[in-house]
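Trainee: As given, the protein sequences belong to chains A and B, one line each in that order.
Taking numbering that gives the first Met the number 0, the leading residue of the first sequence gets 0, the next gets one more, and so forth.
Taking numbering that gives the first Met the number 0, the leading residue of the second sequence gets 0, the next gets one more, and so forth.
Please find one structure pasted underneath; my questions will follow.
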Amino acid sequence: MTQNCNGCQQHDDRTVKLDEIISKYKDTKGTLIQVLHEAQEIYGYLPFEVQMDISNKMDIPLAEIYGVVSFYTAFSIYPKGEYQINVCMGTACYVKGAGDILDKFRMRLSIDVGECTEDRRFSLDSCRCVGSCGLAPVVTVNGKVYAKVTPDQVDDIIAEYSGTQKGAGAQ
Amino acid sequence: MIKSISDIQEIREQKRADMAVRLMPQEPVTAGYRMQILVCGVAGCQSSGSLEIIAELEKQIKTGGLEKEVKVVKTGCFGLCAQGPIMITYPDQITYVRVKPEDVQEITDSHIKGGKPVDRLLADDGDEKKVMNALRDTTFFKMQKKNALRNCGTIDPESIDEYIAKDGYKALEKALTEMSPEDVVQTVKDSQIRGRGGAGFPTGVKWSFAAGQQVKQKYVCCNADEGDPGAFMDRSVLEGDPHSVIEAMAIAGYAIGADQGYIYVRAEYPVAVERLKLAIKQAEGYGLLGKDIFGKGFDFDLEIRLGAGAFVCGEETALLTSVEGKRGEPHPRPPFPAVKGVFGKPTILNNVETYANIPPIILNGAEWFASVGTEKSKGTKVFALVGKINNTGLVEVPMGTTLREIIYDIGGGIPNGKKFKAAQTGGPSGGCIPASKLDTPIDYDSLIEMGSMMGSGGLIVMDEDTCMVDLAKFFLEFTVDESCGKCPPCRIGTKRMLEILTRITEGKGELEDLDKLEVLARNIKASALCGLGQTSPNPILSTMRYFKDEYIAHVVDKKCPAGVCKSMVRYIIDRDTCKECGICAKNCPTECISKDPEKGYVIDQDKCVKCGTCVAKCPFKSILNNA
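If you want it as structure tokens, here you go:
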């Protein structure tokens with residue numbers, strides 16, 4: 000038997016995982032948001048095909064699924080960067096200068112909030128309070144928290160993830 | 000599996016002996032560990048490396064062969080988040096702050112083995128005064144009274160046995176064995192506890208509405224969608240003491256006749272979600288959730304529902320819709336959730352902190368709870384103290400404590416000798432309290448009177464560098480972004496208000512804009528569908544009430560007194576103090592500072608982007624804001 004190309008193989012794995020998730024939640028009512036969360040964990044975002052698949056298998060109209068996906072900020076229909084930079088814009092971080100930090104990231108990466116760099120390495124988002132207000136202002140990169148960040152540190156943070164070794168510093 | 004009361008009592012006694020040095024630090028150590036070291040394992044301290052410290056401690060203890068004498072416990076929040084990671088040793092109660100993994104060796108050699116605390120790592124109480132027993136001797140801890148946070152920072156949140164040892168699940172046991180559901184509702188009513196999550200509705204009254212519904216299926220829900228920016232009270236309870244919420248929800252289930260509960264928790268709180276999952280599993284394993292709890296024929300199951308980043312889901316009707324897996328849009332009340340909630344069934348919804356208060360109320364009685372606080376606000380309240388304040392962290396104080404006591408005595412005042420300007424409570428629904436009101440006792444009603452609200456308890460301190468117009472704009476941006484779009488007053492009205500505010504902060508405002516803002520604000524307050532819309536004008540109304548002069552300065556003089564609003568900022572170099580070192584010119588990202596042979600260093604106002612780098616870098620404070 001011929002070997003599948005790597006891309007398709009990955010595709011298959013992901014579909015199998017998605018099926019597992021759907022069958023886990025299918026019979027409990029009101030679990031669409033949980034399914035979407037876990038689906039996004041597998042795919043990194045929620046492309047149309049995935050929403051379609053969930054719609055068919057959970058027997059929920061696609062419009063309703065898209066309605067939920069577009070309502071909540073945690074769900075994205077666009078791919079994210081390999082490293083997701085999140086600048087907390089909660090009040091505590093804001094009064095301690097988070098706006099300047101966000102501006103610096105924007106300038107250095109030449110992308111706006113919600114966008115992804117062309118090489119798909121970084122995406123930039125501002126987020127609501129992450130609840131680490133004692134460490135304000137806070138930036139997270141793939142969940143790793145950088146505390147008491149100053150605009151001067153922005154370049155260091157970007158450099159930490161721009162290295163040639165893939166995955167350096169991430170989780 | 001716990002089938003009876005003697006089963007749980009056995010676990011309690013056993014674990015108590017194990018925790019002896021912690022529970023009774025003043026008694027001589029007779030058996031078990033001679034020392035227990037508690038390290039904060041909550042998100043804030045984790046971010047500053049507490050897990051590495053725990054790993055290093057455990058390694059040192061192992062190499063030193065001390066496993067039988069010394070135990071390391073990962074606990075919930077101690078409250079002093081700004082000085083994290085925090086470590087407290089028992090029985091001597093030495094508090095170490097800002098501990099780094101490389102300090103562990105010294106702590107092990109000097110303190111654990113030699114009995115001599117490491118002075119340089121001790122907590123200080125203002126003025127750099129080092130304190131041996133911070134829990135007893137610092138103003139920060141002395142002035143607090145911990146009900147909701149009673150177990151945070153004293154037990155391992157991942158151990159149900161430790162919770163049981165500290166009288167955990169005893170309230171549930173008491174409710175099921177000694178009280179009727181009506182008694183439970185009455186006790187909660189008599190305690191006069193009001194909802195800790197927002198408007199302060201009496202919890203007991205809410206429960207009695209749901210209890211009175213003659214329907215077979217009812218639900219108990221917990222609002223753990225702590226969306227207010229700058230608030231992390233609920234997160235700390237969930238991460239530090241998850242079982243208290245589970246126990247309280249089971250008690251609520253018994254009281255109103257529900258056998259199913261849902262905890263709606265933010266997906267942004269991964270540690271809290273994991274600990275809750277683990278806690279539910281442990282409770283199920285012991286039979287404290289599930290069928291026939293304590294053999295009394297009462298069934299109760301609990302499920303977690305993840306939020307997905309929508310602030311409006313903190314509103315009760317929106318939250319309950321989201322629990323059903325739908326778009327979290329609010330709907331008009333009545334019908335109230337107590338009549339028609341999740342899946343159309345009677346539902347009670349309380350916030351995390353409210354639930355955390357329930358077990359001690361059941362155990363100690365309504366009078367015990369009501370003996371603390373003010374006339375209409377009983378008990379204690381947890382505040383997340385953040386912003387421009389020295390002791391950033393989590394505090395719990397009796398209702399009626401003044402803002403001055405919270406900010407200056409407990410919070411240690413404003414850093415860098417700056418002046419206090421205002422405190423913001425209630426998040427985007429709340430308002431600002433100016434310096435003139437610092438001595439007002441804080442409770443639900445006094446806050447409303449001052450044009451703010453309790454909200455969930457975020458308390459953001461601002462100094463003279465904060466522009467109040469900009470702050471109002473910040474909250475409005477938040478509300479506009481989070482408005483679900485269902486009702487026009489909120490969807491369109493908040494956007495219009497933001498446009499006016501933006502105009503004002505850009506120096507294009509006119510005097511009549513202020514009147515327009517006020518009219519719009521009052522109309523939205525009166526006509527929006529849900530709490531989010533109705534309270535969205537509060538930040539504007541309260542800043543206009545107390546800081547009208549700042550609005551006037553922006554509109555009439557086209558100046559931002561705090562120097563925040565970028566388009567009104569104009570940096571100039573003070574020739575008298577400038578030493579011509581050139582640091583500003585070197586650091587300017589747009590290269591707009593140059594040296595003029597006659598005038599010295601000057602800023603090209605056309606090229607300046609007002610980033611403020613020069614101000615931050617100038618060693619002589621010679622760059623002034625000529626706003």
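Each residue gets a CB set at the ideal place from its N, CA and C atoms; glycine is no exception.
Keep in mind the model is a prediction, meaning the values are calculated, not measured.
1. From the beta carbon of A:Cys132, is the nearest beta carbon of chain B less than 7 Å away?
2. Compute the distance between the beta-carbons of B:Asn356 and B:Asn146, then report whether it is under 7 Å.
3. Under the rule that 16 or more other beta-carbon atoms within 10 Å means buried, what is B:Ser621, buried or exposed?
4. Using a Cβ-Cβ cut-off of less than 9 Å, give me the residues of the region 108–136 of chain A that come near chain B, in sequence order.
5. Give a yes or no on whether the C-beta atoms belonging to B:Val96 and B:Gln35 are separated by under 7 Å.
6. Please classify B:Asn537 as buried or exposed, where buried requires at least 16 neighbouring CB atoms within 10 angstroms.
7. Please tell me whether B:Ser47 has its Cβ less than 7 Å away from any Cβ of chain A.
8. Identify whether B:Ser541 lies in helix, strand or coil by the three-state DSSP scheme.
9. Can a CB atom of chain B be found closer than 7 Å to the CB of A:Tyr93?
10. Roughly how many whole angstroms lie between the Cα atoms of B:Val608 and B:Thr589?
11. Report yes if the C-beta distance between B:Val183 and B:Ala254 is below 7 Å; otherwise report no.
12. For B:Val518, is the classification buried or exposed, using 16 other Cβ atoms within 10 angstroms of its Cβ as the cut-off for buried?
13. Give me the Cβ distance between B:Ile250 and B:Ile361, rounded to the nearest whole Å; I'm assuming they're in contact under 8 Å.
14. Please report the residue range of the alpha helix (DSSP H) in which B:Asn625 lies.
15. Could you give the DSSP three-state label for B:Ala249: helix, strand or coil?
16. Answer with yes or no whether the minimum CB distance from B:Pro440 to chain A is below 7 Å.
17. Please state the DSSP three-state secondary structure of B:Phe619.
18. If we define contact as Cβ-Cβ less than 7 Å, is A:Leu45 a contact residue for chain B?
19. Closer than 6 Å by C-beta to B:Cys220: which residues in its own chain qualify, once you throw out the five before and the five after it? Chain order, please.
20. For B:Ile491 versus B:His553, is the C-beta spacing smaller than 7 Å?
21. Note down, one range per segment and in chain order, each alpha helix (DSSP H) of at least 4 residues found wholly within the region 23–106 of chain B.
22. Taking all protein chains shown into account, do 16 or more other C-beta atoms lie within 10 angstroms of the C-beta of A:Met0, making it buried, or fewer, making it exposed?
23. For a cutoff of 7 Å on Cβ pairs, would you count B:Pro618 as touching chain A?
24. Since A:Glu114 and A:Leu123 should fall inside the 8 Å C-beta cutoff, what is the C-beta to C-beta distance between them, to a whole number of angstroms?
25. Which of the three DSSP states, helix, strand or coil, is assigned to B:Val671?
26. Grouping DSSP H, G and I as helix and E and B as strand, with all else coil, what is B:Ser482?
27. On the three-pair Cβ rule with 8 Å, is the region 236–249 of chain B touching the region 204–215 of chain B?
28. Would you say B:Gly324 lies against chain A (beta-carbon separation less than 7 Å)?
29. Express the C-alpha separation of A:Pro150 and B:Cys617 in angstroms, rounding to a whole number.
30. Taking just the CA atoms, how far does B:Gly392 sit from B:Gly430?
31. Going by DSSP in three states, B:Glu511 sits in which element: helix, strand or coil?
32. Which residues in the same chain as A:Lys79 place their Cβ atom closer than 7 Å to its Cβ, once the five residues preceding and following it in sequence are excluded?
33. Taking Cβ positions, are B:Glu372 and B:Gly378 nearer each other than 7 Å?
34. Which chain A residues sit within Cβ distance under 8 Å of B:Ser321?
35. Taking the Cβ atom as the reference point for each residue, do B:Pro84 and B:Cys39 lie within a distance shorter than 7 Å?
36. Hey, does B:Phe382 have any beta-carbon neighbour from chain A nearer than 7 Å?
Mentor: Based on what the coordinates show:
1. yes
2. yes
3. buried
4. Cys126, Arg127, Cys128, Val129, Gly130, Ser131, Cys132, Gly133, Leu134, Ala135
5. no
6. buried
7. yes
8. helix
9. yes
10. 7 Å
11. yes
12. exposed
13. 6 Å
14. Where B:Asn625 is concerned, there is no enclosing alpha helix (DSSP H), given that its DSSP letter is neither H nor E.
15. helix
16. no
17. coil
18. no
19. Tyr261, Thr346, Leu348
20. no
21. 42–46, 49–62
22. Because the pLDDT at A:Met0 is just 42, under 50, the model does not fix this residue reliably, and the point stays unresolved.
23. no
24. 6 Å
25. As displayed, chain B neither begins before 0 nor continues past 626, which places residue 671 of chain B out of reach and without an answer.
26. coil
27. no
28. yes
29. 16 Å
30. 21 Å
31. helix
32. Gly43, Tyr44, Cys115, Ser122
33. Strictly speaking, residue 372 of chain B in this sequence is Gly, with Glu absent from that position. Contact: yes.
34. Ile32
35. yes
36. no
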